[in-house]
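Engineer: In my numbering, the protein residues as written are 1139 to 1237. All C-beta atoms, glycine included, are put in the ideal place defined by N, C-alpha and C. Note that this is a predicted model, so its numbers are computed, not measured.
#1: Apart from the five residues just before and just after residue 1183, which ones in its own chain have a Cβ nearer than 8 Å to its Cβ?
#2: Within the 8 Å Cβ cut-off, does residue 1149 reach chain D?
#3: What number of angstroms, rounded off, separates the C-alpha of residue 1190 from the C-alpha of residue 1214?
#4: Thinking residue 1169 and residue 1216 are a contact (beta carbons under 8 Å), I'd like their distance in whole angstroms, please.
#5: Please list the segments of the beta strand (DSSP E) lying wholly inside the region 1155-1197, counting only runs of 3 or more residues, in order along the chain.
#6: Who does residue 1199 pair with in a DSSP beta bridge?
#7: What separation, rounded to the nearest whole angstrom, lies between the Cα atoms of residue 1196 and residue 1208?
#8: My assumption, with CB atoms under 8 Å, is that residue 1202 sits in contact with residue 1173. Please give the rounded CB distance.
#9: Return helix, strand or coil for residue 1210, following the three-state DSSP convention.
Right, dumping it as structure tokens:
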């Protein structure tokens, strides 16, 4: 089980991920996809990356708006795994023209 990050480490990671924000023990990002189907494609690719990393985000889909929330529930807070997956989600979002 990964250890949780302290507030200073979380702040440092978030400086590298300006589109993500902290909400308690999770980080969140909302994206707008070019279309509903593009949003679904984005979710599918993120799901594949999450499965490969064995680290799964909470995902909310509202038409073209997709929100990802990351937390390491087994550790009781934020770990490096959350920030690694956030970086991967950012790359996938760029590939899918989601903003």
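Structural biologist: Result, derived from the coordinates:
#1: Position 45 of the chain shown holds residue 1183. Answer for residue 1183: 1230, 1233 and 1234, listed in chain order.
#2: Included in the structure is just one protein chain, with no chain D present.
#3: One-based indexing of the chain shown puts residue 1190 at position 52. One-based indexing of the chain shown puts residue 1214 at position 76. If I take the Cα positions, the gap works out to 21 Å.
#4: For the purposes of this step, residue 1169 is identified with residue 31 of the chain shown, where counting begins at 1. For the purposes of this step, residue 1216 is identified with residue 78 of the chain shown, where counting begins at 1. Residue 1169 to residue 1216, Cβ: 20 Å. No contact.
#5: 1159-1161 and 1164-1170
#6: The sequence position of residue 1199 within the chain shown is 61, counting from 1. BP columns for residue 1199 point to 1204.
#7: The residue you call residue 1196 lines up with position 58 of the chain shown. The residue you call residue 1208 lines up with position 70 of the chain shown. If I take the Cα positions, the gap works out to 7 Å.
#8: In the chain shown, counting from the first residue as 1, residue 1202 sits at position 64. In the chain shown, counting from the first residue as 1, residue 1173 sits at position 35. Confirmed, about 6 Å.
#9: Here the question's residue 1210 lines up with position 72 in the chain shown. Three-state DSSP puts residue 1210 in a strand.
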